[in-house]
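Engineer: Here's a structure for you.
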Amino acid sequence: MENFDVVILGAGAAGMFCAIEAGRRGRRVLVIDHARAPGEKIRISGGGRCNFTNLNIAPERFLSQNPRFALSALKRFTQWDFIARLDAAGIAWHEKTLGQLFCDGSATQIVDLLVRQMREAGVDLRLATEPGEVRREAGGFVVETSRGPVSAASVVIATGGKSIPKMGATGYGYRIAESFGLPVVETRPALVPLTFAEQELAGLKALAGIAVPARVSAANTSFDEAVLFTHRGLSGPAILQISSYWREGMALRLSLAPGTDVAALLRQARVASGRSAPRTVLAQILPERLARHLEARAGIDGPLAAQSNAAIDRLAQAVTAWDMRPVGTEGFRTAEVTLGGVDTRHLDARTLQARTQPGLFFVGEVVDVTGWLGGYNFQWAWSSGWAAGQVA
Ligand code: FDA
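For the sequence shown, the working numbering begins at 1 and goes up steadily by one.
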């Protein structure tokens, strides 16, 4: 049987980063992936330019049952450390918005860099190879694979979450955790569009294609970003963000035209141009189709001059406090990440090693750490992969 110091399952962001670090320490490292190419999610992420980190990394921007867990790895290998690696490799980048950093060119540059650095560190990469059972044997582990068993002193599980099964996501890592007695915090799709019941959707469908800035709130959390109306419900960055906090049965509040006193605007217009339709005034701050929809929702008819204060307040309320009740999400089919995962109480925050299973590590998305939209999830993959790579 072939023997290695470290076998890493999953050649995604976290697995490859861990492999480079362990290889540079002189460990004999094997990386196994069932896909035909490594780092497929890196390649397609950020519209092909990979939003590889965020300038504003902070523990409160990660969800976990233990919100402080991610801090150790994030502090030891920071966004600045990752940026320094890209700079050293001559990969140009820019900040798009809200601290989000993207490659100037193609995301493939990052995949190529990681593959090259793995090769330079002497890492053996085996693609199109299916891992099976992992078991403890003679002071180390044996990993069954479709090309025969391999043994190693350390095994790193970096197989990601359940998001986008079409791209090879399997939930394999959770099964391995459970087979070693490690609990898994319930998984659910996150950074995912929200869906509505047919009745509510019927009204929304007319708005499909409209994108507007908004504040979206649920569960005492708010995000100020764009909302996109779609044929299936709501999407756009603000909705993807809030989807990580929203739960079935919760209402969602949409505050359109954030920063505008809509009631004051309508009252002023009633004095200055009373013959205008209210929707014409709203169309100064919102797309015309949306303004018309909101006017109808508020049950407003006739020109501004004919509107009572109560009617004006009702219309302003329809704009700034639009309460909706999603029925679900689009699920793992389109979710960018998986919420939940291997329970952090059973992992050492500094090394990502299972407390009760020396030599067994979990890194990246398979762990119960989920970042906000905007480069936070890749930073977790780099930081956690790096941390495990120092000791595996
Ligand atoms: P990742 O999923 O990257 O890698 C897991 C690897 O394990 C894969 O190569 C897979 O083939 C392999 N694998 C899975 N099951 C296996 C099995 N049973 N056997 C063998 N191999 C197996 N984040 C961000 O910060 N910025 C962004 O711009 C984006 N954009 C984005 C777009 C889209 C469309 C998606 C779906 C996701 C994002 N993300 C993102 C999230 C980001 O891609 C994600 O958090 C990281 O890729 C997680 O890295 P991991 O290495 O943990 O898993």
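Cβ atoms here follow ideal geometry from the backbone N, Cα and C, with glycine treated the same way.
On a Cα-Cα basis, can you pick out the residue from A206, A208, V227, P287 that is closest to A214?
Structural biologist: Locating residue 214 in the sequence shown gives position 214, counting from the first residue. Checking every option, the nearest Cα to that of A214 belongs to V227.
Engineer: Spatial neighbours of A381 within its chain, please: CB distance less than 6 angstroms, with the 5 preceding and 5 following residues excluded, ordered by chain position.
Structural biologist: Within the sequence shown, the letter at position 381 stands for residue 381. The answer, listed in chain order, is A13, A14, G364.
Engineer: Can a CB atom of chain B be found closer than 8 angstroms to the CB of T370?
Structural biologist: The chain inventory of the structure shown lacks chain B, comprising one protein chain alone.
Engineer: Ignoring anything shorter than 3 residues or poking outside the stretch 332-387, list the beta strand (DSSP E) runs there in chain order.
Structural biologist: Counting only runs of 3 or more, we get 337-342, 360-362.
Engineer: When the Cα of E390 is compared with those of G23, E2, D343, F4, which residue comes out closest?
Structural biologist: What you label residue 390 is simply residue 390 of the sequence shown in a count that begins at 1. What sits at residue 390 in the sequence shown is Gln, not Glu. Comparing Cα positions, the closest option is G23.
Engineer: Can you give, in chain order, each stretch of the beta strand (DSSP E) that sits fully within the stretch 88-157 and has at least 3 residues?
Structural biologist: As far as the stretch 88-157 is concerned, its whole beta strand (DSSP E) runs of at least 3 residues are 93-95, 100-103, 124-126, 131-137, 140-145, 150-157.
Engineer: Could you name the residues of the same chain whose beta carbon sits closer than 7 angstroms to that of R36, not counting the 5 residues immediately before and after it, in chain order?
Structural biologist: As a first step, residue 36 is located in the sequence shown; it is residue number 36 there, counting from the start. The residues are L127, A128.
Engineer: From the DSSP secondary-structure annotation, give me the bridge partner or partners of S45.
Structural biologist: Counted from its first residue, the sequence shown places residue 45 at position 45. According to DSSP, which records beta bridges pairwise, S45 is partnered with nothing at all.
Engineer: Give a yes or no on whether the C-beta atoms belonging to M16 and M118 are separated by under 8 angstroms.
Structural biologist: One-based indexing of the sequence shown puts residue 16 at position 16. One-based indexing of the sequence shown puts residue 118 at position 118. For M16 and M118, yes; Cβs fall inside 8 angstroms.
Engineer: Below 7 angstroms, is the gap between the Cβ of H34 and the nearest heavy atom of ligand 1?
Structural biologist: Numbered from its first residue, the sequence shown carries residue 34 at position 34. H34: yes, Cβ under 7 angstroms from ligand 1.
Engineer: Is the Cβ-Cβ distance between G340 and T187 less than 8 angstroms?
Structural biologist: Taking the sequence shown and counting its residues from 1, the one referred to as residue 340 is at position 340. Taking the sequence shown and counting its residues from 1, the one referred to as residue 187 is at position 187. In this structure, T187 lies closer than 8 angstroms to G340 by Cβ.
Engineer: Report whether the distance from the Cβ of L9 to the nearest heavy atom of ligand 1 is below 7 angstroms.
Structural biologist: Mapped onto the sequence shown, residue 9 falls at position 9. Yes, ligand 1 has a heavy atom inside 7 angstroms of this Cβ.
Engineer: So, does the stretch 307-321 touch the stretch 274-293, judging by three or more C-beta pairs under 8 angstroms?
Structural biologist: Contact between the stretch 307-321 and the stretch 274-293 is present, because at least three Cβ pairs lie under 8 angstroms.
Engineer: Check whether the stretch 295-307 touches the stretch 143-161, taking contact to mean three or more Cβ pairs, one atom from each stretch, closer than 8 angstroms.
Structural biologist: No: fewer than three Cβ pairs fall under 8 angstroms.
Engineer: Got a sec, what are the start and stop residues for the alpha helix (DSSP H) V7 sits in?
Structural biologist: Numbered from 1 along the sequence shown, position 7 holds the residue referred to as residue 7. No alpha helix (DSSP H) holds V7; the beta strand (DSSP E) holding it covers 2-9.
Engineer: Pull up the distance between the alpha-carbon of P237 and that of G209, whole angstroms please.
Structural biologist: Reading the sequence shown from its first residue, position 237 is the one you call residue 237. Reading the sequence shown from its first residue, position 209 is the one you call residue 209. One C-alpha to the other measures close to 14 angstroms.
Engineer: To which residues does DSSP link R188 through a beta bridge?
Structural biologist: Start at 1 with the first residue of the sequence shown, and residue 188 comes out as number 188. L339.
Engineer: Between which two residues does the beta strand (DSSP E) holding T221 run?
Structural biologist: What you label residue 221 is simply residue 221 of the sequence shown in a count that begins at 1. Looking at the DSSP string, the run of the beta strand (DSSP E) that includes T221 is 221-229.
Engineer: Could you pull out every residue in the same chain whose Cβ sits closer than 7 angstroms to the Cβ of P258, ignoring the five residues on either side in sequence?
Structural biologist: Taking the sequence shown and counting its residues from 1, the one referred to as residue 258 is at position 258. Closer than 7 angstroms at Cβ, skipping near neighbours: P213, A214, R215, D224.
Engineer: Would you say the beta carbon of S163 comes nearer than 7 angstroms to a heavy atom of ligand 1?
Structural biologist: Taking the sequence shown and counting its residues from 1, the one referred to as residue 163 is at position 163. Indeed, a heavy atom of ligand 1 lies less than 7 angstroms from the Cβ.
Engineer: On the DSSP bridge list, what partners appear for R253?
Structural biologist: Mapped onto the sequence shown, residue 253 falls at position 253. Bridge partners of R253: S217, D323.
Engineer: Beta-carbon separation of L252 and I242 under 8 angstroms?
Structural biologist: In the sequence shown, counting from the first residue as 1, residue 252 sits at position 252. In the sequence shown, counting from the first residue as 1, residue 242 sits at position 242. Yes.
Engineer: Beta-carbon separation of T338 and S179 under 8 angstroms?
Structural biologist: Within the sequence shown, numbered from 1, the residue matching residue 338 stands at position 338. Within the sequence shown, numbered from 1, the residue matching residue 179 stands at position 179. No, they are not a contact pair.
Engineer: For Q357 and R345, I'd like the C-alpha separation in whole angstroms.
Structural biologist: To locate residue 357, count along the sequence shown from 1; it is residue 357. To locate residue 345, count along the sequence shown from 1; it is residue 345. Using only the alpha carbons, I get a separation of about 13 angstroms.
Engineer: Any idea if T221 is buried or exposed, counting beta-carbon neighbours within 10 angstroms, 16 or more meaning buried?
Structural biologist: Looking up residue 221 in the sequence shown gives position 221. That one is exposed.
Engineer: How is L294 classed by DSSP in three states: helix, strand or coil?
Structural biologist: For the purposes of this step, residue 294 is taken as the residue at position 294 of the sequence shown. Helix at L294.
Engineer: How would you write the range of the beta strand (DSSP E) that T53 sits in, first residue to last?
Structural biologist: Stepping through the sequence shown from its first residue, residue 53 is reached at position 53. Element bounds for T53: 51-54.
Engineer: For E225, verify whether its CB is less than 7 angstroms away from any heavy atom of ligand 1.
Structural biologist: Numbered from 1 along the sequence shown, position 225 holds the residue referred to as residue 225. The answer is no for E225.
Engineer: Inspect the beta-carbon positions of G359 and F196 and report whether they are closer than 8 angstroms.
Structural biologist: To locate residue 359, count along the sequence shown from 1; it is residue 359. To locate residue 196, count along the sequence shown from 1; it is residue 196. Not closer than 8 angstroms, so no.
Engineer: Can you tell me whether V281 is buried or exposed, with buried defined as 16 or more other CB within 10 angstroms of its CB?
Structural biologist: Sequence index remark: in the sequence shown, residue 281 carries index 281 (1-based). By the neighbour-count rule (16 or more Cβ atoms within 10 Å), V281 is buried.
Engineer: With a 10 Å radius around its C-beta and 16 neighbouring C-beta atoms as the bar for buried, classify I44 as buried or exposed.
Structural biologist: Mapped onto the sequence shown, residue 44 falls at position 44. I44 is exposed by the Cβ-count criterion.
Engineer: Just verifying my parser: in three-state terms, what is the DSSP assignment at L207?
Structural biologist: Position 207 of the sequence shown, counting from 1, holds the residue named residue 207. Three-state DSSP puts L207 in coil, outside helix and strand.
Engineer: Rounded to whole angstroms, what is the Cα-Cα separation between Q268 and P189?
Structural biologist: Counted from its first residue, the sequence shown places residue 268 at position 268. Counted from its first residue, the sequence shown places residue 189 at position 189. Straight-line Cα distance between these residues: approximately 45 angstroms.
Engineer: Going by the C-beta, is V366 closer than 7 angstroms to any heavy atom of ligand 1?
Structural biologist: Taking the sequence shown and counting its residues from 1, the one referred to as residue 366 is at position 366. Yes, the beta carbon of V366 sits closer than 7 angstroms to at least one heavy atom of ligand 1.
Engineer: Mind checking whether P193 and G233 have CB atoms under 8 angstroms apart?
Structural biologist: Taking the sequence shown and counting its residues from 1, one reaches residue 193 at position 193. Taking the sequence shown and counting its residues from 1, one reaches residue 233 at position 233. Their beta carbons are under 8 angstroms apart, which means P193 touches G233 by this criterion.
Engineer: Using DSSP with H/G/I as helix, E/B as strand and the rest coil, what is F17?
Structural biologist: As a working note, residue 17 is residue 17 in the sequence shown. F17: helix per DSSP, three-state reduction.
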